[in-house]
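Q:
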Amino acid sequence: MATSERPRERLLEKGGEALSNAQLLAILLRTGDQGVSALDLAIDLIDRFEGFAGLESASVPELCELKGMGPAKAAQIKAALEISRRIGPSRETGKPSFHSASDVFSFLSPAMGGLSHEEFRVLLLYTKHRLMREITISRGTLSGTSVDPREVFSQAIREKAAAVVCGHNHPSGDPSPSPEDHALTGRLLKSGKLLGIPLLDHVVVGGSGYFSYDEEGWPC
125 MATSERPRER LLEKGGEALS NAQLLAILLR TGDQGVSALD LAIDLIDRFE GFAGLESASV
185 PELCELKGMG PAKAAQIKAA LEISRRIGPS RETGKPSFHS ASDVFSFLSP AMGGLSHEEF
245 RVLLLYTKHR LMREITISRG TLSGTSVDPR EVFSQAIREK AAAVVCGHNH PSGDPSPSPE
305 DHALTGRLLK SGKLLGIPLL DHVVVGGSGY FSYDEEGWPC
């Protein structure tokens, strides 16, 4: 595995939001077993117990049934999930909902409005358009950033998002979309329809305003 794709190095370079559930779990496990890497073991755990919710419900003996698992690793997983459970309620209370492009702009603008480079972010949403998680998909240059729709929707699939909203900034301050923005939005719309995870909007953040593809009738 290339160094940049190793879970720990990827987390340090791109942040935890860039990692899959299995990659995050692999960092927690640290080591695997003979002939099985920590990432392989993490993938097996995620598959067998159907994600973190299943791991939380599983007993320690059930976790230890999997080759490469023992009481120490099971305890690490249980401790991490308990920490997450205790943090959860306080986080959920403060999570915003998005019902208009202005909601999206108000949320993204403080962090993105003054950047000297382009960033592309995706907001993963629950069924009532409440924020599940914000993910930075790519960081670019003054003039642009590269975005692969597969990376946008692979994150949404992993997290079981009901819908997504995308946003990126224009360092020039002018939110008017470019031909490249039109083309990307078209690809994202088609991908979302195929996967059953709708793209609700793509908002371009400028210095003091925004452009919304949804408000403008999706001219792409």
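Counting in our numbering, the sequence shown runs from 125 upward without gaps. The C-beta atom is built at its ideal place from N, Cα and C for all residues, glycine as well.
1) What is the rounded straight-line gap between the Cα of F335 and the Cα of S233?
2) Tell me where the beta strand (DSSP E) around V271 begins and ends.
3) For P299 and G341, which I take to be in contact (beta-carbon distance under 8 Å), what is that distance rounded to the nearest angstrom?
4) Buried or exposed, going by whether 16 or more other CB atoms sit within 10 Å of the CB of I211?
5) CA-CA distance, A204 and L149?
6) What are the complete alpha helix (DSSP H) segments, minimum 4 residues, inside the region 226–288?
7) Note down, in chain order, each residue of its chain lying with its Cβ closer than 8 Å to the Cβ of R282, except the 5 sequence neighbours on either side.
8) Kindly indicate which three-state DSSP category S183 falls into: helix, strand or coil?
9) Considering only the beta carbon of each residue, do V327 and A225 sit closer than 9 Å?
10) Does S224 come out as helix, strand or coil in the three-state DSSP assignment?
11) Would the region 273–293 and the region 315–325 be scored as touching if the rule is three or more Cβ pairs under 8 Å?
12) Can you tell me which of the three DSSP states A126 falls into?
13) Nearest-angstrom Cα distance between S315 and V276?
A: So, from the data block:
1) Indexing the sequence shown from 1 puts residue 335 at position 211. Indexing the sequence shown from 1 puts residue 233 at position 109. Roughly 12 Å between the two C-alpha positions.
2) Indexing the sequence shown from 1 puts residue 271 at position 147. Here V271 belongs to no beta strand (DSSP E), and DSSP marks it neither H nor E.
3) Along the sequence shown, one-based indexing puts residue 299 at 175. Along the sequence shown, one-based indexing puts residue 341 at 217. Contact flag wrong, Cβ pair sits at about 16 Å.
4) Walking along the sequence shown from the start, residue 211 turns up at place 87. Classification of I211: exposed, given that the 10 Å Cβ count is below 16.
5) The count along the sequence shown starts at 1 and reaches residue 204 at position 80. The count along the sequence shown starts at 1 and reaches residue 149 at position 25. Roughly 10 Å separates the two Cα atoms.
6) 273–283
7) Counting from 1 along the sequence shown, the entry for residue 282 is found at position 158. Result list for R282: S144, N145, in chain order.
8) As a working note, residue 183 is residue 59 in the sequence shown. If DSSP states are grouped into helix, strand and coil, S183 belongs with coil.
9) Numbered from its first residue, the sequence shown carries residue 327 at position 203. Numbered from its first residue, the sequence shown carries residue 225 at position 101. It is a contact, given that the beta carbons lie within the stated cut-off.
10) Walking along the sequence shown from the start, residue 224 turns up at place 100. In the structure shown, S224 sits in coil (DSSP, three-state: anything other than H, G, I, E or B).
11) yes
12) Within the sequence shown, the letter at position 2 stands for residue 126. With a pLDDT of 47 at A126, under the threshold of 50, the predicted position of this residue should be treated as unreliable, and no value is reported.
13) If you number the sequence shown from 1, residue 315 lands on position 191. If you number the sequence shown from 1, residue 276 lands on position 152. Roughly 10 Å separates the two Cα atoms.
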